[in-house]
Each structure stands twice: as structure tokens, then as C-alpha cells.
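Report on the structure given below.
Numbering (the working numbering), first residue to last: 3 to 228.
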């Protein structure tokens with residue numbers, strides 16, 4: 003039997019699955035490393051001088067973020083012998099833009115990363131629908147099972163949401179620079195919003211999709227299917 007490197011399509015029999023909790027930890031973990039390293043960059047540089055050679059806190063955070071993404075993908079491969087599509091795309095962009103950030107010592111590249119990633123996700127999801135593919139199922143199929151119409155509708159909504167996130171990143175980045183002036187304080191404000199602002203916004207969006215998920219679920223949710 004041919005072994006697939008990329009995770010297989012949702013609802014496909016025999017698809018290898020990972021614990022939803024582990025999957026969430028692997029996707030959120032690198033972001034938490036990024037936040038911690040940016041907020042404690044000076045302490046990390048003092049404890050590990052080699053990190054200080056990378057530059058300020060944002061550059062240290064970028065390097066550790068890259069390492070955390072590689073570890074997360076490696077764990078995914080070790081557990082399922084496949085690579086999840088969304089983290090793989092995000093990881094590739096992190097490595098490219100993070101590498102440019104460190105090489106050129108220009109924070110612009112790492113700040114552009116969320117916009118590039120979200121724009122790519124939007125393009126993949128909305129473009130996939132054009133060709134009859136609901137790629138969102140690759141991300142959430144282990145959390146819940148939907149019929150084909152449900153995956154199409156949810157994929158379309160998430161595609162538009164990723165467009166929104168791509169724009170919001172630029173707005174917050176430029177607003178922080180305009181308000182504080184380019185520098186560490188503006189960097190901290192951008193990182194804080196990236197970690198503590200995007201997650202609540204995403205959570206609220208996800209909550210608004212519960213009705214759609216219930217209507218198209220192939221399995222009972224909360225003990226009762228609507």
C-alpha cells in the first residue's frame with residue numbers, strides 16, 4: 003500500500019488520526035514559544051549568549067519559533083507518518099520569512115508572515131472550492147465529521163475569515179508603529195495582539211459556526227443531532 007506523506011482527505015477510510023489535544027498543542031506550541039521568547043528575549047540572551055548574537059528579542063523569538071515549528075512537524079510525522087497540510091504550509095513560510103528576517107536583520111519579513119500565511123490559506127480554501135475540494139476537512143476532520151455540503155460551507159466561511167486575518171495583521175502592525183514609533187514597544191504590541199488577540203477572535207468566529215456544524219454533522223454532538 004502506498005504511504006502518503008501528506009495527510010489524506012477527510013472521511014477517507016483508514017485515515018491515520020492524531021489526538022485532537024495533541025494536534026492542538028502542536029499547532030499552538032510554536033506560537034507560545036514565539037511569545038515567550040519575545041517577552042523574555044533579554045533574559046534568554048543573558049543566559050545563552052549565542053542567542054544574543056541573533057539580535058533583539060524579536061529576532062531571538064523568530065529563531066526559536068522556526069525551531070519549534072520544525073519540532074512540531076517532526077512530532078506529527080512520528081505519530082502519524084504524515085504531515086498536516088495547514089501547519090506544513092505555515093511552517094514553510096515561517097522558515098523562509100524567518101530566515102530572511104535573521105539574515106537581513108529586518109523584522110519586516112516576520113511581520114509579513116501572518117498576512118502571507120493567512121492569504122495562502124484563504125487562496126487554498128477558496129481555490130479548492132472552485133475545483134470541488136473542501137480542504138478544511140483536513141484540519142478539522144479529527145474533531146468532528148460533516149457531510150460534504152457542511153465541509154463546503156465551512157470551508158467558504160473560513161476562507162473569508164482568513165482574508166480578514168490577513169488584513170488585520172497589516173492594520174495592527176502599522177497602527178502599532180504609528181502610535182508607538184518603530185521599536186521594541188511596537189514589536190511587543192504586535193506580538194501581544196498576534197498571540198492574545200487573534201486567538202480570542204478566532205474562538206469567537208468558531209463559536210458562530212456551531213450551528214452549521216450541528217446541522218451537517220454525521221455524528222451526534224452533545225448527545226443530540228439537530
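Beta carbons are placed, not taken as given, at the ideal position from N, Cα and C, and that holds for glycine.
Exercise. Write down the C-beta distance between residue 146 and residue 219 rounded to the nearest angstrom, noting that I regard them as a contact closer than 8 Å.
Key: 6 Å
Exercise. Report yes or no: do the stretch 147-160 and the stretch 94-112 share at least 3 C-beta pairs separated by less than 8 Å?
Key: no
Quiz item: Does DSSP classify residue 75 as helix, strand or coil?
Solution: helix
Exercise. Throw me the rounded Cβ distance for the residue 124 and residue 168 pair, which I believe falls under 8 Å.
Key: 7 Å
Exercise. Would you check if the stretch 24-44 and the stretch 204-220 touch, i.e. whether three or more CB-CB distances between them fall below 8 Å?
Key: no
Quiz item: Are the stretch 24-44 and the stretch 175-195 touching by the rule of at least three beta carbon pairs closer than 8 Å?
Solution: yes
Practice problem: Over the uninterrupted alpha helix (DSSP H) stretch that includes residue 58, give me the two end residues. | Solution: Unbroken run through residue 58: none, as it is neither H nor E.
Quiz item: Does the beta-carbon distance from residue 60 to residue 189 come in below 7 Å?
Solution: yes
Quiz item: Taking only beta-carbon atoms, is residue 177 less than 7 Å away from chain C?
Solution: In the displayed structure, chain C is absent; only one protein chain is listed.
Quiz prompt | Span separating the alpha-carbon of residue 217 from that of residue 155 | solution = 11 Å
Quiz item: Which full runs of the alpha helix (DSSP H) of 4+ residues lie inside the stretch 116-184, going along the chain?
Solution: 139-142, 150-182
Exercise. Output the distance between the C-alpha atoms of residue 84 and residue 101, rounded to the nearest integer angstrom.
Key: 25 Å
Quiz prompt | CA-to-CA distance, residue 58 to residue 51, given in whole angstroms | solution = 12 Å
Self-check item: residue 220 in three-state terms, based on DSSP
Solution: coil
Exercise. Give a yes or no on whether the C-beta atoms belonging to residue 142 and residue 126 are separated by under 7 Å.
Key: no
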